[in-house]
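Going by my numbering, the sequence shown opens with residue 57, and the numbers climb by one from there. To start, the structure under review is shown below, and the notes come after it.
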Amino acid sequence: MFEFNFIPILILALLIFSLLRAAIKIIPEYERAVIFRLGRVQEAKGPGLFFIIPFIDQIQRVDLRVVTLDVPTQEAITLDNVTVRVNAVCYFRVMDPTAAVVQVTNYLLATQQIAQTTLRSVMGQSELDELLSKRDKINRQLQQIIDEQTEPWGVKVSIVEVKDVELPQSMQRAMARQAEAEREKRAKIISAEGEYQASQQLAAAASIMAEAKGTLQLRYLQTLNAIAAENNSTIVFPLPIELFQGIIDTMGSRSSSPAPGSAPLSEALSGMISAAASGEPLAFASGVTADVAVEVDDQLEEETGAEPGAEDGEDEA
57 MFEFNFIPIL
67 ILALLIFSLL
77 RAAIKIIPEY
87 ERAVIFRLGR
97 VQEAKGPGLF
107 FIIPFIDQIQ
117 RVDLRVVTLD
127 VPTQEAITLD
137 NVTVRVNAVC
147 YFRVMDPTAA
157 VVQVTNYLLA
167 TQQIAQTTLR
177 SVMGQSELDE
187 LLSKRDKINR
197 QLQQIIDEQT
207 EPWGVKVSIV
217 EVKDVELPQS
227 MQRAMARQAE
237 AEREKRAKII
247 SAEGEYQASQ
257 QLAAAASIMA
267 EAKGTLQLRY
277 LQTLNAIAAE
287 NNSTIVFPLP
297 IELFQGIIDT
307 MGSRSSSPAP
317 GSAPLSEALS
327 GMISAAASGE
337 PLAFASGVTA
347 DVAVEVDDQL
357 EEETGAEPGA
367 EDGEDEA
């Protein structure tokens, strides 16, 4: 009886399955497959399903997604002879899968080395103030240089950012002193401007008060009100300011020769008027002689029209 042998059929089926599995390739959206046929590059295929010739074609996958590359810390000397330590980050992606495979052995390592050398070169051509204040300009310069050098490899560098700039301790202390001096300078300028504006306002107020006599009287009354509200021992004589002015006019000759140890009458009364006009407490100083009180009494009698000793007579009655 003839027996059917399934072993050859099973072997043939396994062989066909292996060939189909080797011939069918599926590439995701973010990858491309560079095909080499007998060592010669053909084309980049994908994404999706495609077929190759088993044992003849070879493929190499290339990732097209953006790669984040950390550039290690580099030590460089700036244009103004300051030693700095700088690190950066680089973002790039493969635009031409065939060139990335054929033109360079390892495009990741090559891009990293180019980024390191370019970072040191740009730092050496820049001053410290430019590194700290014009970071965007430095980033654009790094991106342009690295992108030009990696373009033959099919690599597109989109962003290069300087992360940290480390300065020596002595330079940090010097910059701190400079910043403090700058702040003090601005504070003094603001204070001077405030004093200038205040002096202008005071000059304007003095001009207005000089033109309006009632303003001085109002200021005088406000000062008396403020003094009365406080607990002090100052003796204040609330006399009209015009009265003192009349005394000064009539007693000019007598005040020119004051008694020994006393102040001139005009100076004493002028000081009292000035104190009343400026809002200071008005009080008789110890240097004013008794003649001042007599002249004040005489002036009061002239202003009111009362006879001397009238009040004394009324008190006695």
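Quick reminder that beta carbons are idealized off the backbone N, C-alpha and C, glycines included.
- In the DSSP assignment, V178 falls within the unbroken alpha helix (DSSP H) covering 163–180.
- Three or more pairs of CB atoms, one per stretch, sit closer than 8 Å, so the segment 154–163 contacts the segment 207–214.
- According to the DSSP secondary-structure assignment, N143 is paired through a beta bridge with D220.
- By the criterion of a C-beta distance shorter than 6 Å, M151 is surrounded in its chain by G210, K212, once the five residues flanking it on both sides are discounted.
- For E85, there is no enclosing alpha helix (DSSP H), since its DSSP letter is neither H nor E.
- In the structure shown, R149 falls within a strand segment according to DSSP collapsed to helix, strand and coil.
- By the neighbour-count definition (other C-beta atoms within 10 Å, threshold 16), F107 is an exposed residue.
- Rounded to the nearest angstrom, the gap between the Cα atoms of R275 and Q225 is 60 Å.
- Cα atoms of V216 and V145: separation of roughly 6 Å, rounded to the nearest angstrom.
- With a contact defined as Cβ atoms closer than 8 Å, P84 and V118 miss out at about 12 Å.
- Residue state for K101 is assigned as strand, using DSSP reduced to three classes.
- Straight-line spacing of the CA atoms in I112 and E99 works out to 14 Å.
- Residue environment: L258 is assigned as exposed (fewer than 16 neighbouring CB atoms within 10 Å of its CB, all protein chains considered).
- DSSP places D119 within a strand segment (E or B) once states are collapsed to three.
- Boundaries of the alpha helix (DSSP H) harbouring K193: 191–206, taken from the DSSP string.
- Per DSSP, reduced to three states, the secondary structure at V211 is strand.
- Distance from the Cα of L105 is smallest, within the candidate group A132, I65, L76, for L76.
- In this structure, the straight-line span from the alpha carbon of R233 to that of M227 is close to 10 Å.
- By alpha-carbon distance to R176, the top candidate from F62, I72, I202 is I202.
- Taking one beta carbon from each stretch, the segment 128–136 and the segment 177–186 have 3 or more pairs nearer than 8 Å; the two touch.
- Restricting attention to A156, R121, V97, Q168, the CA atom closest to the CA of Q130 is found in Q168.
- Separation of A171 and E238 (C-alpha to C-alpha, rounded to the nearest whole angstrom) is 37 Å.
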